[in-house]
Amino acid sequence: MNNTFYHENNICGLKRTDFQKNINGKETDLYILSNDNGAEMAVTNYGGAILALMVPDKNGNYANVIQGHDSIEHVINSPEPFLSTMIGRYGNRIAKGKFQLDGNEYTLSVNNGPSSLHGGPTGFHARVWDAEQISKQTLKLHYVSVDGEEGYPGTLDVTVEYTFSNQNELFLTYTATTDKRTIVNLTHHAFFSLGGLDNPTPSVENNILTLNADFYLPMDEESIPTGEILKVEGTPMDFRTPHVVGSRINDNFQQLVLGAGYDHCYVINKKEAGTLTFAAKCIEPISGRSLEVFTTEPGVQVYTSNWHTGFAGWHGSTFPKRSAICFEAQHLPDSPNKGHFPSVVLNPGETYHQVTVYKFGVEK
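Going by this note's numbering, the first residue of the sequence shown is number -16, and it counts up by one from there.
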């Protein structure tokens, strides 16, 4: 492993020795990405988890704006197993853990009620990835998911590059190939707290959110899309113009009741499939920090951490309910069982490709 860019005086206060562990013959480690402006990001190759993301507020003060842990043991044993981790092979839910492909029915591990969630209990979030830090700003992670892992067909060869630019943009570039027809839906489950982490970390209900989406996917009692694609217009799901996240989150609107808040996939307005498109902007008004999201994916799952319990994380910070907001760029949930949703099938000889960008800024 190449980790020549680690330095003890990192501003996120994490120690490499706290992240070094041998798991089934593979070594975990800590990687620090830093740009020329002094912003910094910390990642471990266990699940590709982002541990810290240090960016300035309107006064130039740096804080960690992503929920993470401060040791490998805490990452592995987190009460939220997907806390700011890589997700695969299939982000979001597959109903009843089953899908059909080429006349064969595949059965996946069930880990969310009757459904399979985020690739199952031993999905990409719980795997040790091969890591190579190419430069002080770029980390390459690689993982080979063998045929039948978590019930999925085909051996999937996956590479994800994290690049932290001088414009405080985090580029996530995913590629994957397979030796057998399979399904793929990769994403990253970053939990953003733009006000900074604290004990307790403040609610995101004051965040001002804009979504480039005219439609969203309603879900049933098991958080599975009904198959409908509904207009946001006239509902509390409408963020086409800026709205405060908490202004309607407790409305007696069936979808918000089912999700205990926002936990829905929005269909991004796109002129052409696969193009890098603006998806979302979020502003935390006290710090002035902003986050813009761009992605090649057709959807983005917006989740307001409705099931957080107040558990402890990075340097004694705690994460209560609604203390983070997630923008999981992805294909649509349960697509293998919804023929009218965009296909998630990957064929041998093809390359899965996705780019998602999280751009941090300040609003004066």
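By construction, the Cβ of each residue, glycine as well, lies at the ideal position given by its N, Cα and C atoms. Quantities reported herein were computed from a predicted structural model and do not represent experimental measurements.
Cβ of Asn44 within 8 Å of Cβ of Asn149?
Along the sequence shown, one-based indexing puts residue 44 at 61. Along the sequence shown, one-based indexing puts residue 149 at 166. Against a cut-off of 8 Å, the Cβ pair of Asn149 and Asn44 comes out as no contact.
State buried or exposed for Asn28, treating a residue as buried only when at least 16 other CB atoms are found within 10 Å of its CB.
Residue 28 sits at position 45 when you count from the first residue of the sequence shown. Answer is buried; the Cβ neighbour count reaches 16.
Please name the residue in Gly210, Pro268, Ser186, Tyr245 whose C-alpha comes closest to that of Lys347.
Taking the sequence shown and counting its residues from 1, the one referred to as residue 347 is at position 364. Looking at the Cα atoms, Pro268 is the closest of the given residues.
Would you please state the rounded distance, in angstroms, between the beta carbons of Glu204 and Leu180? I believe it to be under 8 Å.
For the purposes of this step, residue 204 is identified with residue 221 of the sequence shown, where counting begins at 1. For the purposes of this step, residue 180 is identified with residue 197 of the sequence shown, where counting begins at 1. Not really, about 33 Å apart at Cβ, beyond 8 Å.
Backbone secondary structure at Met(-16) - three-state DSSP
Taking the first residue of the sequence shown as position 1, residue -16 is located at position 1. Because Met(-16) carries a pLDDT of 46, less than 50, the predicted location of this residue cannot be relied on, and no value is offered for it.
Alpha carbon of Ser128 to alpha carbon of Pro201, nearest angstrom:
Translated into the one-based positions of the sequence shown, residue 128 becomes position 145. Translated into the one-based positions of the sequence shown, residue 201 becomes position 218. Whole-angstrom Cα-Cα distance: 31 Å.
Do you know whose CA, among Ala46, Ala22, Ile266, lies nearest Met184's CA?
Residue mapping note: residue 184 aligns to position 201 of the sequence shown, counting from 1. Reading off the sequence shown, one finds Thr at residue 184, where the question assumed Met. Here the closest residue by C-alpha is Ala46.
Start and end of the alpha helix (DSSP H) containing Gln238?
Numbered from its first residue, the sequence shown carries residue 238 at position 255. Gln238 -> alpha helix (DSSP H) spans 237 to 242.
With 16 as the cutoff for other CB atoms within 10 Å, does Glu311 come out buried or exposed?
The residue labelled residue 311 in the question sits at position 328 within the sequence shown. With 16 or more Cβ atoms within 10 Å of its Cβ, Glu311 is classed as buried.
With distances taken Cα to Cα, identify the nearest neighbour of Glu10 among Asn18, Arg(-1), Val327.
Residue 10 sits at position 27 when you count from the first residue of the sequence shown. Of Asn18, Arg(-1), Val327, the residue nearest in Cα terms is Arg(-1).
Pair within 8 Å by beta-carbon distance, Arg76 and Ser99
Locating residue 76 in the sequence shown gives position 93, where the first residue counts as 1. Locating residue 99 in the sequence shown gives position 116, where the first residue counts as 1. Yes.
Figure out for me which residue from Leu36, Thr142, Leu(-3) has the closest Cα to the Cα of Lys123.
As a position in the sequence shown, residue 123 is number 140, starting the count at 1. Minimum Cα distance to Lys123 is reached at Thr142.
So, does the stretch 313 to 324 touch the stretch 168 to 175, judging by three or more C-beta pairs under 8 Å?
Counting Cβ pairs under 8 Å, three or more are found: they touch.
With DSSP collapsed to three states, give me the class of Gly332.
In the sequence shown, the residue the question calls residue 332 occupies position 349. In this structure, Gly332 counts as coil in the three-state DSSP scheme.
When you compare the stretch 94 to 113 with the stretch 150 to 162, are there three or more beta-carbon pairs, one atom per stretch, that lie closer than 8 Å?
no
Is it right to say Pro319 is buried, meaning 16 or more other beta carbons lie within 10 angstroms of its own, or is it exposed?
Looking up residue 319 in the sequence shown gives position 336. Burial call: buried.
Ordered list of beta strand (DSSP E) runs contained in the stretch 103 to 190, each at least 3 residues:
Complete beta strand (DSSP E) runs here, min 3: 113 to 118, 121 to 128, 139 to 147, 152 to 161.
Cutoff 8 Å; reference Glu88; Cβ partners in own chain excluding five residues on either side
Here residue 88 is taken as the residue at index 105 of the sequence shown, counted from 1. Only Lys81, Phe82 meet the Cβ criterion.
Among the residues of its own chain, which have a CB less than 7 Å from the CB of Ala231, if the five just before and after it don't count?
Position 248 of the sequence shown, counted from the start, is the residue given in the question as residue 231. The sequence as given places Arg at residue 231; Ala does not occur at that position. Excluding sequence neighbours, Arg231 sits near Pro219.
Straight-line CA distance for Gly244 to Asn(-8)?
For this step, residue 244 is matched to residue 261 along the sequence shown. For this step, residue -8 is matched to residue 9 along the sequence shown. Each residue's alpha carbon lies about 39 Å from the other.
Helix or strand or just coil, what does DSSP make of Ser326?
Taking the sequence shown and counting its residues from 1, the one referred to as residue 326 is at position 343. Reduced to three states, the DSSP call for Ser326 is coil.
Looking only at its chain, what residues have a beta carbon closer than 6 Å to the beta carbon of Trp290, apart from the 5 residues adjacent to it on each side?
Mapped onto the sequence shown, residue 290 falls at position 307. Result list for Trp290: empty, nothing under 6 Å.
Given a cut-off of 8 Å on the beta-carbon distance, is the pair Thr287 and Ile308 in contact?
What you label residue 287 is simply residue 304 of the sequence shown in a count that begins at 1. What you label residue 308 is simply residue 325 of the sequence shown in a count that begins at 1. At the C-beta level, Thr287 and Ile308 come within 8 Å of one another.
Supposed close pair Ala262, Asn195 - CB separation, criterion 8 Å:
Residue mapping note: residue 262 aligns to position 279 of the sequence shown, counting from 1. Residue mapping note: residue 195 aligns to position 212 of the sequence shown, counting from 1. Confirmed, Cβ separation roughly 6 Å.
Just to confirm my understanding: we take Phe174, look at its own chain, exclude 5 residues before and 5 after, and list those with CB closer than 7 Å. What are they?
For the purposes of this step, residue 174 is taken as residue 191 along the sequence shown, with counting starting at 1. Around Phe174: Ile49, Gln50, Leu66, Ser67, Ser288, Ala307, Cys309.
Contact defined as beta carbons within less than 8 Å: I believe Phe147 pairs with Met37. What is the distance between those atoms, to the nearest angstrom?
Against the sequence shown, residue 147 aligns to sequence position 164. Against the sequence shown, residue 37 aligns to sequence position 54. Actually they are not in contact, since the Cβ atoms of Phe147 and Met37 sit about 10 Å apart, beyond 8 Å.
Excluding the five sequence neighbours on either side, which residues of its own chain have a C-beta within less than 6 Å of the C-beta of Thr301, listed in chain order?
Taking the first residue of the sequence shown as position 1, residue 301 is located at position 318. So the qualifying residues of the chain are Asn182, Pro183, Gly293, Ala295.
Run through the DSSP bridge pairs and tell me what Phe277 is partnered with.
Reading the sequence shown from its first residue, position 294 is the one you call residue 277. Phe277 is bridged to Phe261, Val340.
Exposed or buried, Pro281, counting other C-beta atoms within 10 Å across all chains shown (16 or more means buried)?
Residue 281 sits at position 298 when you count from the first residue of the sequence shown. Under this definition Pro281 is a buried residue.
Mind checking which residues open and close the beta strand (DSSP E) that includes Val250?
What you label residue 250 is simply residue 267 of the sequence shown in a count that begins at 1. According to the DSSP assignment, Val250 belongs to the beta strand (DSSP E) that extends over 246 to 250.
Can you give the Cα-Cα distance for Gln284 and Val276, rounded to whole angstroms?
As a first step, residue 284 is located in the sequence shown; it is residue number 301 there, counting from the start. As a first step, residue 276 is located in the sequence shown; it is residue number 293 there, counting from the start. Computed Cα separation, rounded: 12 Å.
Look at the alpha carbon of Gly353 and the alpha carbon of His323, and state the distance between them as a whole number of angstroms.
This structure cannot speak to residue 353, because the chain is shown only from -16 to 347.
Anticipated Cβ contact below 8 Å, Thr138 with Thr161, distance rounded:
Counted from its first residue, the sequence shown places residue 138 at position 155. Counted from its first residue, the sequence shown places residue 161 at position 178. At roughly 7 Å, the Cβ-Cβ gap stays under 8 Å, so Thr138 and Thr161 are in contact.
Length at least 4, wholly inside the stretch 9 to 85: the alpha helix (DSSP H) runs in chain order:
55 to 59
Going by CA-CA distance only, name the one from Lys264, Gly332, Pro325, Tyr(-11) that's closest to Thr121.
Taking the sequence shown and counting its residues from 1, one reaches residue 121 at position 138. Here the closest residue by C-alpha is Tyr(-11).
To which residues of the same chain is Asp140 closer than 7 Å at the C-beta, ignoring the five residues directly before and after it?
Position 157 of the sequence shown, counted from the start, is the residue given in the question as residue 140. So the list reads Val127, Ala159, Thr160, once near-sequence residues are dropped.
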